[in-house]
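Below: the structure, in structure tokens.
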Amino acid sequence: MGILLFLIPVSLALGGLGLAAFLWSLRNRQYDDPEGDANRILSKEWDDRPKP
Amino acid sequence: MSAATASISACPACVAAPTAEDIAAHAARGRDAGLILSLPTAHCAVCISDVERALESMPGVASARVNLTLKRVSVVAAPEVTADQLVARLDAIGYPAHELDPGLLSSTETDRRSRDLLMRVGVAGFSMMNIMLLSVAVWSGAEAATRDMFHWISAAIALPTLAFAGQPFFASAFASLRARRLGMDVPISLALILASAISLFETFKGGEHAYFDAAVSLCFFLLAGRYLDFRSRAAARSAAEELAALEVPRATKLEGGEEKVVPIAGLAPGDLVRVRPGGRMPVDGIVTEGASEIDRSLLTGETLPVAAGVGSVVSAGEVNLTGPLTLRVTAAGKDSSLHRMADLVAVAENARTRYTSLADRMARAYSPSVHLLALASFTAWFYLTRDLRLAVNVAAAVLIITCPCALALAVPAVVTAASGKLFRKGFLIKDGTALERLAEVDTVVFDKTGTLTVGEPEPVGLMDRPRAELELAAALAGASAHPLSRALAARLGAEGIRPAPVEDIREVPGFGVEGRWQGRRVRLGRAEWLGVEPGERTATWLSTGQGAPVELAFADRPRPGAHQAVSGLRAAGKRVILLSGDAEVPVAALAATLGIPEWQSAMRPEEKAARIAALTAEGRRVLMVGDGLNDTAALAGAHVSISPASALDAARTASDIVLLGQDLAPLSEAVRIAVAARRRIKQNFALSLAYNLVAVPVALVGLATPLIAALAMSTSSITVSLNALRLR
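So the sequence lines, in the order shown, correspond to chains A and B. Just so we're aligned, residue 896 is where the first sequence starts under the working numbering, counting upward by one. Just so we're aligned, residue 7 is where the second sequence starts under the working numbering, counting upward by one.
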């Protein structure tokens, strides 16, 4: 059962990482235009970096 | 523009967390150089790159970004770039666009609230997953100290999460309690609070069952439903804002002989205003200078333009056709006839009996019964066992199981799916219950001008005329911007008629065009000007200088898809009626073309409204489709109403659904989707009630474990969402 002492904090930290990533993407307005973003991957422009 | 605002406008997407300053800067950017255009036809990756490339290649444009979800493009450009230039550029590459007023699109507030809700969904989802991991261990047999530790960790995650993510429910439950009502949020908050309190107590006592996972997943599913609901409402609201923003309220004011563009709000009676050909009257006024023709079709439904000269009275909303006019303002803004009409509409809307949505009716019956059920189980168990802890536990289990998770998802999931479908077909739903009301429709009333027809005339029987006349007409028509001339020139150009060599062509505003050809004076214009009696039909007259002038008649063209819409609705068993303010001849002709058996012509606005009221009194559910100011009262009085985006402000305000594209064909499809959506909503209610029927007895007899609660809750929510996605 001693393994739990590592695994629980690890699982919480990983979950927290996911949450942080979600909050970051939310604040960067990545959910403002889901349909447009889905279509933009089909175009060859801005393939090297995102359009500002 | 200062350097600071320039840096912000260069990268609007980088503003991470908008502080008050940022929002202010955003608003300032909107006024200075941000232009927003509506792009109703954009739909794919090619559209995005076409539009962005076209706009960014224009001088002065810093950046352009298409938002495909909202079908808009926001452009950052130097102050000298106007929206008209952008619209013209987009029109040239085949994308019709309208300017939107960025000041009216207060998207920041909606944005902030939707992102706030989404953040709560994310936090609740994160906690739910972690607590579920721990709960799985407990369900699979963790005991004694391990179980207690897992319960404590769950509590440490769940309590802050509920305090943060549950706020929307607590706030609205508190508000409804203060108003002495029981909304859906009261049982929700009660379940959340009771479940976490009991679980905390059980954890203290080293008990077996803790409902932290149930409480948090409840919160997650409910928030997801709330978010969908908010999004569709926000889409409706922004649609309304977008439409208000379609008509940018500006006027050209004459001050000491100089022209100045001012907002309409800044005009006062007595001011002089210049209206160019093609422009819309911004105010009520009297013509002091100039002569022209005026198109009043949006106000009255008549297709024939009327002449206007010095002393004519014009109303806001009429369109100036041929010559520039100078008006002395008699009433502007809130006092103008346009606004008085809009006020009438507001009154009519208030009078319309408030429609109770399916979800409201459900909530009204559901909340009290849930509370009674929980109270009854608590009393019964306490009476039978004298065990307070057990009785509270059972009552909490009942509240958690009956918590309207699936019910809260039932409507928003379907409405989101349906309005997304309708949006792709070109329908913007302005009102939350419009979809449900559309599903009940059995009678469809159409307006003619601008609704079933394009509102643009087309020449009829033109090609029967001698070629010489046609060449002459082409030469004269090409010199004028009058809609009849333009239609004539376009048609003749398409038929390959070359203009005759006419000299000295000049336009006489308000009358027509004249020139010299083979030494004779030739004219194209109004019947009176050429000295003949005007007929019933829309027509322009051509004088070749020899013999009597000839009539070139026009008819309004049916809107594309009008035929399919009418036949589709009739095939679906709807009664279709045409009510028009226009004269009998064109109305009868159109009714015959489209196959509408019931029609009435020369109707005044109040007669239209009365007809709708009479139909409603017969027990009919009327869908009114109209665009003019003369339709607004009828639109507001009907069970549900649709107007095209080209309609006047007041008409769009009065209607529940706006048709963005030109094509009417999706109309019957929209009715079908609404009926299907209503069926799905009812199915969803049945599904979640069925799940309650099974689970509640289990909870009542005290057999509900946290595992059963979690399973039942997730499966019902997922079934309901999947059922919503089945909408075709």
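Glycine included, every Cβ here is placed at the ideal spot set by N, Cα and C.
Under 7 angstroms by beta carbon: chain B residues contacting G897/A
In the first sequence, counting from the first residue as 1, residue 897/A sits at position 2. Within chain B, no residue comes near G897/A; the closest Cβ sits about 12 angstroms away, beyond 7 angstroms.
Can you tell me where the beta strand (DSSP E) holding I503/B begins and where it ends?
For the purposes of this step, residue 503/B is identified with residue 497 of the second sequence, where counting begins at 1. That residue, I503/B, is in no beta strand (DSSP E); it is neither H nor E in DSSP.
Using only CA atoms, which one of F180/B, V93/B, D90/B and L140/B lies nearest to V905/A?
Mapped onto the first sequence, residue 905/A falls at position 10. Checking every option, the nearest Cα to that of V905/A belongs to L140/B.
Note down, in chain order, all residues in the segment 62-83 of chain B with a beta-carbon under 8 angstroms from any beta-carbon belonging to chain A.
S69, R71, V72, N73, L74, T75 and L76
Can you check whether the CB of A485/B is closer than 7 angstroms to the CB of I503/B?
Within the second sequence, residue 503/B is the residue found at index 497, counting from 1. Within the second sequence, residue 485/B is the residue found at index 479, counting from 1. Taking 7 angstroms as the Cβ cut-off, I503/B and A485/B do not qualify as a contacting pair.
Going along chain A, which residues have a C-beta under 7 angstroms from R121/B?
Within the second sequence, residue 121/B is the residue found at index 115, counting from 1. In chain order: L921.
Does any residue of chain A have a CB that is nearer than 7 angstroms to the CB of G128/B?
In the second sequence, counting from the first residue as 1, residue 128/B sits at position 122. Interface residue, yes.
Sort W605/B, E86/B, L585/B and S722/B by Cα distance to P611/B and report the nearest one.
Within the second sequence, numbered from 1, the residue matching residue 611/B stands at position 605. Nearest of W605/B, E86/B, L585/B and S722/B to P611/B, Cα basis: L585/B.
Does K259/B pass the burial test, meaning 16 or more other C-beta atoms within 10 Å, or should it be called exposed?
By one-based count along the second sequence, residue 259/B stands at place 253. Buried is the call here.
Beta strand (DSSP E) runs wholly inside the segment 504-585 of chain B, at least 3 long, in chain order:
509-514, 518-523, 526-531, 544-549, 556-564 and 581-585
Is the shortest distance between the beta-carbon of A642/B and the beta-carbons of chain A less than 7 angstroms?
Sequence index remark: in the second sequence, residue 642/B carries index 636 (1-based). No, because no Cβ of chain A sits closer than 7 angstroms to the Cβ of A642/B.
Is L278/B near V289/B, with beta carbons less than 7 angstroms apart?
For the purposes of this step, residue 278/B is taken as residue 272 along the second sequence, with counting starting at 1. For the purposes of this step, residue 289/B is taken as residue 283 along the second sequence, with counting starting at 1. No, the pair does not count as a contact, with Cβ atoms beyond the cut-off.
Do three or more CB pairs link the segment 84-93 of chain B to the segment 41-61 of chain B at distances below 8 angstroms?
yes
Per-residue DSSP class, three states only, for S647/B
Within the second sequence, numbered from 1, the residue matching residue 647/B stands at position 641. DSSP places S647/B in strand when its eight states are reduced to three.
Using CA coordinates, which residue listed in S160/B, A130/B and V127/B is at the minimum distance from I137/B?
Translated into positions along the second sequence, residue 137/B becomes position 131. Ranking the options by Cα distance to I137/B, first place goes to S160/B.
Check Q606/B in the structure and name its three-state DSSP category.
The residue labelled residue 606/B in the question sits at position 600 within the second sequence. The answer is strand: DSSP assigns Q606/B an E or B state.
Closer than 7 angstroms by beta-carbon distance: list the chain A residues that pair up with M125/B, in chain order.
As a first step, residue 125/B must be located in the second sequence, where it is residue number 119. What M125/B touches in chain A: L918 and L921.
Applying the 10 Å Cβ sphere with the 16-neighbour rule, what's the burial state of C50/B?
Translated into the one-based positions of the second sequence, residue 50/B becomes position 44. Exposed.
Could you work out which residue in V93/B, T459/B and Y233/B is closest to L106/B when comparing CA atoms only?
Taking the second sequence and counting its residues from 1, the one referred to as residue 106/B is at position 100. Taking only the C-alpha atoms, the option nearest L106/B is V93/B.
Can you check whether the C-beta of F226/B is within less than 7 angstroms of a C-beta belonging to chain A?
Here the question's residue 226/B lines up with position 220 in the second sequence. Chain A contact via Cβ: absent.
Using a C-beta cutoff of 7 angstroms, does A51/B count as contacting chain A?
The residue you call residue 51/B lines up with position 45 of the second sequence. Answer yes: the Cβ-Cβ gap between A51/B and chain A drops below 7 angstroms somewhere.
Alpha carbon to alpha carbon, what distance is there between A338/B and I300/B?
Translated into the one-based positions of the second sequence, residue 300/B becomes position 294. Translated into the one-based positions of the second sequence, residue 338/B becomes position 332. So the two alpha carbons sit approximately 19 angstroms from each other.
Taking just the CA atoms, how far does M125/B sit from V72/B?
To locate residue 72/B, count along the second sequence from 1; it is residue 66. To locate residue 125/B, count along the second sequence from 1; it is residue 119. So the alpha carbons of these two residues sit roughly 25 angstroms apart.
7 angstroms is my cut-off, CB to CB: does G36/B come that close to chain A?
On the second sequence, position 30 is the one that residue 36/B refers to. Interpretation of G36/B is limited by its pLDDT of 39, a score under 50 that renders its predicted location unreliable; the figure taken from the coordinates is listed afterwards. False, the Cβ-Cβ gap to chain A never drops below 7 angstroms.
Output needed in chain order: residues of the segment 131-143 of chain B with a Cβ under 7 angstroms from some Cβ in chain A.
F132, M135, N136 and L139
Where H104/B sits in the DSSP three-state scheme:
Locating residue 104/B in the second sequence gives position 98, counting from the first residue. Residue state, collapsed to three classes: strand.
For chain B, is any of its Cβ atoms less than 7 angstroms away from the one on L937/A?
As a position in the first sequence, residue 937/A is number 42, starting the count at 1. Yes, L937/A lies at the interface with chain B (some Cβ there is under 7 angstroms from its Cβ).
Cα separation between S13/B and I687/B?
Locating residue 13/B in the second sequence gives position 7, counting from the first residue. Locating residue 687/B in the second sequence gives position 681, counting from the first residue. Caution is warranted here: a pLDDT of 35 is assigned to S13/B, below 50, making its placement in the model unreliable, and no coordinate value can be reported.
Find the residues of chain A that neighbour S55/B, judging by a C-beta separation of less than 7 angstroms, and give them in chain order.
Looking up residue 55/B in the second sequence gives position 49. Within 7 angstroms Cβ-Cβ: S938 and E940.
With a cut-off of 8 angstroms on the beta carbons, I'd call F560/B and T550/B a contact; round off their distance for me.
Numbered from its first residue, the second sequence carries residue 560/B at position 554. Numbered from its first residue, the second sequence carries residue 550/B at position 544. No, F560/B and T550/B are not in contact; Cβ-Cβ is about 19 angstroms, not under 8 angstroms.
Decide if I407/B is buried, meaning its Cβ has at least 16 other Cβ atoms within 10 Å, or exposed.
On the second sequence, position 401 is the one that residue 407/B refers to. Buried, since its Cβ has 16 or more Cβ neighbours within 10 Å.
Own chain, CB closer than 6 angstroms to R576/B, minus 5 neighbours either side, in chain order:
Position 570 of the second sequence, counted from the first residue, corresponds to residue 576/B. Cβ neighbours of R576/B beyond the five flanking positions: V582.
Three-state secondary structure (DSSP) at D301/B?
On the second sequence, position 295 is the one that residue 301/B refers to. Correct three-state label for D301/B: strand.
A908/A: which of I163/B, P85/B and L74/B sits nearest, CA to CA?
Translated into positions along the first sequence, residue 908/A becomes position 13. Cα-wise, what sits closest to A908/A is I163/B.
Supposed close pair G632/B, T457/B - CB separation, criterion 8 angstroms:
Position 626 of the second sequence holds residue 632/B. Position 451 of the second sequence holds residue 457/B. Correct: roughly 5 angstroms between the Cβ atoms.
With 16 other CB atoms within 10 Å as the buried threshold, where does A440/B fall?
Locating residue 440/B in the second sequence gives position 434, counting from the first residue. Per the 10 Å Cβ criterion, buried.
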